[in-house]
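Note that the protein sequences, when read in sequence, are chains L and A.
Reminder that position 36 of the first sequence reads as 36 in the UniProt record's numbering, one-by-one numbering, no gaps.
Reminder that position 197 of the second sequence reads as 197 in the UniProt record's numbering, one-by-one numbering, no gaps.
These notes concern the structure reproduced below.
There are 2 protein chains.
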Amino acid sequence: MSLSANRFISRPIVATIHTDAFRHNLGRIRELAPESKIWSVVKAKAYGHSLEAAFKGLESTDGFALLDLADAQWLRDHGWEGRILLLEGLFSQQELERVIRLRCDLVVHSEKQVVWLESLKNYSGHPINIFLKLNSGMNRLGFRPAEYRTAFHRLHAAGYHLHHMTHFANADQVERSPSVGEQMECFNQTTEGLEAPSSLANSAAILWHRNALGDWIRPGILLYGVSPTGVHADIVRSEFQAVMSLRSEIIDIQNLKKGDYVGYGGRYEAPEDMRIGVIAGGYADGYPRHAEDGTPVWVDAADTQGDGVICPIVGRVSMDMLTIDLREAPNAKIGSVVELWGNEVPVDDVAQMSGTIGYELICALAQRVPVLTD
Amino acid sequence: MSLSANRFISRPIVATIHTDAFRHNLGRIRELAPESKIWSVVKAKAYGHSLEAAFKGLESTDGFALLDLADAQWLRDHGWEGRILLLEGLFSQQELERVIRLRCDLVVHSEKQVVWLESLKNYSGHPINIFLKLNSGMNRLGFRPAEYRTAFHRLHAAGYHLHHMTHFANADQVERSPSVGEQMECFNQTTEGLEAPSSLANSAAILWHRNALGDWIRPGILLYGVSPTGVHADIVRSEFQAVMSLRSEIIDIQNLKKGDYVGYGGRYEAPEDMRIGVIAGGYADGYPRHAEDGTPVWVDAADTQGDGVICPIVGRVSMDMLTIDLREAPNAKIGSVVELWGNEVPVDDVAQMSGTIGYELICALAQRVPVLTD
């Protein structure tokens, strides 16, 4: 198979979004939190997967959570009738009219947003759902406990339909402060006596803090089949599936002599005579420049014996290309298909070899990489 | 000034491309290499600046060098009559017809491409310009010396108009192998007696290897006002100007108590009671997640005393937000404008604090960030 043969693209790099994997992952999350409703988090172009593909794969969700009004508009234009949550709420007072027209729910995290909402006069539609955000220790967005109850009462008095919300800083790890336990204690104390549905758990809490789910959970990274901890082994037992596959081809082969250097800075020195493959894929496609020698790339079975084979990166990733050691793939040739991440190479593994987490890599998929949906 | 007030965007992050800086930088390069013609390298959406802005700012170049036929098509559609070089040449034989129609020059780096070009029959147009790529030691793309002369003669016999080309692995640093000197020696030996114009220098060679320019230079990163070495000080004397400014706003402020933690993993612990600002900008916008505490962010003068002030990052960069220490900006408030990189904060400095180079950051600017041109 050639990625470019049947397509009008020149460089043979392409990302494929597997909508069946979206459906599977959403189903797994429902099994893990059967009592909760699900906000499917699709901000940042659905973590690089495209809103279109996410909508197709996640249409049985209870709601979509995102940041940009333009994305909310897109969902309404394409027939989504369910709920939409704006995760950072209003960025300006002028947005309120459009929020109402698009029937969005709003996170409220600042006093300024409360004032904007109180200014709404002569509104007679369905009460607007507010997710009031408590800063229970993460210190990013949200009201401090001392101010939270006041904000709650003001918005309640103004006729809004309130929910409690907070976000965990360390649901994916132990021995870091604040812990989920500490944040839950803060949340419970602050909201005591204020009857309202709650929204608490992110992906990591859904997996590992089943007593901290709330009425609306907010899975993000798990929907995409990527590990909240950055370690793929942590989600293998839970049977999540990679949604994105990033594939390319070998566009050239070099026959190195022992002692030859590869790429910028000459980072890799050939320990013996060997073949390397040049792949159409570099950091301007979203592949991490940090990837160390040894980062796995999978070469397709058609050009190897049997099941395909992992060929490690050798030499620094450049803007449009990367280079792999072909000693384990003697039949690989120009045109051989490779997977940079996906089912064969978990994006978590690439991220680990690059000092980051899968979140960053999938979100960084570049605009110039065509995205196909299957 | 508010970035969002007069625009129909919700999140207040925006990249501005200064086309005057493009003109200035191109002029500086002409001064540095007055005998050479200039291929302005605009691959990867003009290193994240958008092809549209680059075309506007660089229209006095001698040619544009890029990868994707779609970008060549775009330039022709928008009136560019000058030369266009496809830096990786043909990805398939089928592209040849379109290459001819778009009047592109071609890099040839593999035997397969020679075969495709030899297959062209009954072509009676203007001779196609070929830049034959020698692998003089970088071991990425190009012919080994032993094969180079054969390829040259074959293409010459087939009626193509040939140029010699190679690419330096270490023009930006000393004491790495192969050196520019070693590569030049290889180039001179291999091309001896084969009369043809040459294309050698990338940005670093234009600055620091003035004996290795060639007839066509290929500046990339310098056009964008970013340092080829990753160190901003290395280009300050040469007076290049930043072309991209990435700006956003403070969307919330937290009043921390001494000992409070900030963000995921609780990386930062407040050493005293202090204010932090939450900025609409995270790694899904292209800001590096690797950025360490202390990475500079500039807060606009309108909200500080005098000239604006640098407020360092505190806490891990998250997907849509980052947090800065506001102790030096007591008047900063929600809505204050910040610069993440540009004229006030060289992108090189952000890259250095993130373990990478400016190239990666500008190319990684995310699709969701609106790009304006001034």
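Glycine included, every Cβ here is placed at the ideal spot set by N, Cα and C.
Beta-carbon spacing of residue 84 of chain A, residue 55 of chain A below 8 angstroms: Here residue 84 of chain A refers to the residue found at position 84 of the second sequence. Here residue 55 of chain A refers to the residue found at position 55 of the second sequence. Taking a C-beta distance under 8 angstroms as the contact criterion, residue 84 of chain A and residue 55 of chain A do not qualify as a contact pair.
Per DSSP, cross-strand counterpart(s) of residue 63 of chain A: Translated into positions along the second sequence, residue 63 of chain A becomes position 63. According to DSSP, which records beta bridges pairwise, residue 63 of chain A is partnered with A/39 and A/83.
Simplified DSSP assignment, three categories, for residue 188 of chain L: By one-based count along the first sequence, residue 188 of chain L stands at place 188. Looking at residue 188 of chain L - three-state DSSP - the assignment turns out to be helix.
Cβ-based contacts, 9 angstroms cut-off: residues of the stretch 77-96 of chain A near chain L: Within the stretch 77-96 of chain A, the qualifying residues are 86, 87, 88, 90, 91, 92, 94 and 95.
Per-residue contacts from residue 360 of chain L into chain A (C-beta, under 7 angstroms): On the first sequence, residue 360 of chain L is found 360 positions in, with the first residue counted as 1. Using a Cβ-Cβ cut-off of 7 angstroms, residue 360 of chain L is close to 283 and 289 of chain A, given in chain order.
Interface flag, residue 264 of chain L vs chain A, CB-CB below 8 angstroms: As a position in the first sequence, residue 264 of chain L is number 264, starting the count at 1. Output row for residue 264 of chain L: interface = yes.
Helix, strand or coil at residue 254 of chain A [DSSP, three-state]: Working through the second sequence from its first residue, we reach residue 254 of chain A at position 254. Here residue 254 of chain A sits in strand by DSSP.
For residue 353 of chain A, the nearest candidate out of A/331, A/196, A/262 and A/292 (CA to CA): Sequence index remark: in the second sequence, residue 353 of chain A carries index 353 (1-based). When C-alpha distances from residue 353 of chain A are compared across A/331, A/196, A/262 and A/292, the shortest belongs to A/292.
Residue-level contact to chain L via CB, residue 300 of chain A, 8 angstroms cutoff: Counting from one through the second sequence, the residue named residue 300 of chain A turns up at place 300. Output row for residue 300 of chain A: interface = no.
Straight-line Cα distance separating residue 100 of chain A from residue 377 of chain L: Residue 377 of chain L lies beyond the stretch modelled for chain L, which goes from 1 to 374, so this question has no answer here.
Proximity test, Cβ basis, 8 angstroms: residue 176 of chain A and chain L: If you number the second sequence from 1, residue 176 of chain A lands on position 176. Interface flag for residue 176 of chain A against chain L is set, since a Cβ pair is found closer than 8 angstroms.
Residue 129 of chain L versus residue 256 of chain A: straight-line alpha-carbon distance, rounded: By one-based count along the first sequence, residue 129 of chain L stands at place 129. By one-based count along the second sequence, residue 256 of chain A stands at place 256. Looking at the two C-alpha atoms, the distance is approximately 29 angstroms.
8 angstroms contact criterion, which residue 199 of chain L and residue 181 of chain L should meet: CB distance rounded: In the first sequence, the residue the question calls residue 199 of chain L occupies position 199. In the first sequence, the residue the question calls residue 181 of chain L occupies position 181. The pair is not a contact, with the Cβ atoms about 18 angstroms apart (cut-off 8 angstroms).
Assigned exposure category for residue 258 of chain L - 16 Cβ within 10 Å defines buried: Counting from one through the first sequence, the residue named residue 258 of chain L turns up at place 258. Exposure of residue 258 of chain L is indicated by the presence of fewer than 16 other C-beta atoms within 10 angstroms of its C-beta.
Under 8 angstroms (Cβ pairs) to chain A, residues found in the stretch 317-331 of chain L: Those residues of the stretch 317-331 of chain L that come within reach of chain A (Cβ to Cβ, closer than 8 angstroms) are 318, 319, 320, 321 and 323.
For residue 311 of chain L, three-class secondary structure by DSSP: One-based indexing of the first sequence puts residue 311 of chain L at position 311. If DSSP states are grouped into helix, strand and coil, residue 311 of chain L belongs with the strands.
Cutoff 7 angstroms; reference residue 355 of chain A; Cβ partners in own chain excluding five residues on either side: If you number the second sequence from 1, residue 355 of chain A lands on position 355. Cβ within range, chain order: 290.
Secondary structure of residue 48 of chain L, DSSP reduced to three states: Residue numbering aside, residue 48 of chain L sits at position 48 when the first sequence is read from its first letter. DSSP places residue 48 of chain L in helix when its eight states are reduced to three.
Between the CA atoms of residue 134 of chain A and residue 37 of chain A - distance to the nearest angstrom: Here residue 37 of chain A refers to the residue found at position 37 when the second sequence is read from its first residue. Here residue 134 of chain A refers to the residue found at position 134 when the second sequence is read from its first residue. For residue 37 of chain A and residue 134 of chain A, the gap between their C-alpha atoms comes out near 20 angstroms.
The stretch 37-64 of chain L: positions lying closer than 9 angstroms to chain A by Cβ: Answer set for the stretch 37-64 of chain L: 43, 44, 45, 47 and 48.
Chain L within 8 angstroms of residue 337 of chain A, Cβ atoms only: Taking the second sequence and counting its residues from 1, the one referred to as residue 337 of chain A is at position 337. It does not: the Cβ of residue 337 of chain A has no partner Cβ on chain L nearer than 8 angstroms.
Bridge partners - residue 249 of chain A, DSSP secondary structure assignment: Here residue 249 of chain A refers to the residue found at position 249 of the second sequence. Listed as beta-bridge partners of residue 249 of chain A by DSSP are A/337.
C-beta neighbour in chain A for residue 7 of chain L, strict 8 angstroms: Along the first sequence, read from residue 1 onward, the residue named residue 7 of chain L stands at position 7. Reliability fails at residue 7 of chain L, whose pLDDT of 45 lies under 50, so the model's placement of it is uncertain and the value that follows must be treated cautiously. No, its Cβ sits nowhere closer than 8 angstroms to a Cβ of chain A.
Endpoints, alpha helix (DSSP H) assigned at residue 152 of chain L: Position 152 of the first sequence holds residue 152 of chain L. Looking at the DSSP string, the run of the alpha helix (DSSP H) that includes residue 152 of chain L is 145-157.
Beta-carbon spacing of residue 248 of chain L, residue 12 of chain L below 8 angstroms: Counting from 1 along the first sequence, the entry for residue 248 of chain L is found at position 248. Counting from 1 along the first sequence, the entry for residue 12 of chain L is found at position 12. Yes, the pair counts as a contact, with Cβ atoms nearer than the cut-off.
Top-ranked residue by Cα proximity to residue 50 of chain L, from L/241, L/29, L/75 and L/31: Within the first sequence, residue 50 of chain L is the residue found at index 50, counting from 1. Among L/241, L/29, L/75 and L/31, the Cα nearest to that of residue 50 of chain L belongs to L/75.
Environment of residue 79 of chain L [buried if 16+ CB atoms lie within 10 Å]: As a first step, residue 79 of chain L must be located in the first sequence, where it is residue number 79. Taking all protein chains shown into account, residue 79 of chain L has fewer than 16 neighbouring C-beta atoms within 10 Å of its C-beta and is therefore exposed.
Residue 189 of chain A vs residue 168 of chain A beta-carbon contact at 8 angstroms: Position 189 of the second sequence, counted from the first residue, corresponds to residue 189 of chain A. Position 168 of the second sequence, counted from the first residue, corresponds to residue 168 of chain A. No, the Cβ-Cβ distance between residue 189 of chain A and residue 168 of chain A is not below 8 angstroms.
Contact under 8 angstroms by Cβ, residue 287 of chain A with residue 243 of chain A: Position 287 of the second sequence holds residue 287 of chain A. Position 243 of the second sequence holds residue 243 of chain A. With respect to residue 243 of chain A, residue 287 of chain A sits apart: the two C-beta atoms are not nearer than 8 angstroms.
Per-residue DSSP class, three states only, for residue 236 of chain A: The sequence position of residue 236 of chain A within the second sequence is 236, counting from 1. Helix, per DSSP.
Cβ pair residue 250 of chain L, residue 174 of chain L closer than 8 angstroms: Here the question's residue 250 of chain L lines up with position 250 in the first sequence. Here the question's residue 174 of chain L lines up with position 174 in the first sequence. It is not a contact, given that the beta carbons lie outside the stated cut-off.
Residue of A/300, A/82, A/278 and A/45 minimising C-alpha distance to residue 59 of chain A: For the purposes of this step, residue 59 of chain A is taken as the residue at position 59 of the second sequence. For residue 59 of chain A, the closest of A/300, A/82, A/278 and A/45 by C-alpha to C-alpha distance is A/82.
Cβ neighbour criterion (16 or more within 10 Å) applied to residue 296 of chain L: To locate residue 296 of chain L, count along the first sequence from 1; it is residue 296. Buried.
Under the three-state DSSP convention, the category residue 299 of chain L falls into: As a working note, residue 299 of chain L is residue 299 in the first sequence. Annotated three-state conformation of residue 299 of chain L is strand, per DSSP.
Start-to-end residues for the beta strand (DSSP E) that takes in residue 22 of chain L: For the purposes of this step, residue 22 of chain L is taken as residue 22 along the first sequence, with counting starting at 1. Not the beta strand (DSSP E): residue 22 of chain L falls in the alpha helix (DSSP H), residues 19-32.
With 16 other Cβ atoms within 10 Å as the buried cut-off, status of residue 121 of chain L: Counting from 1 along the first sequence, the entry for residue 121 of chain L is found at position 121. In the assembly as shown, residue 121 of chain L is an exposed residue. Its beta-carbon has fewer than 16 other beta-carbons within 10 Å.
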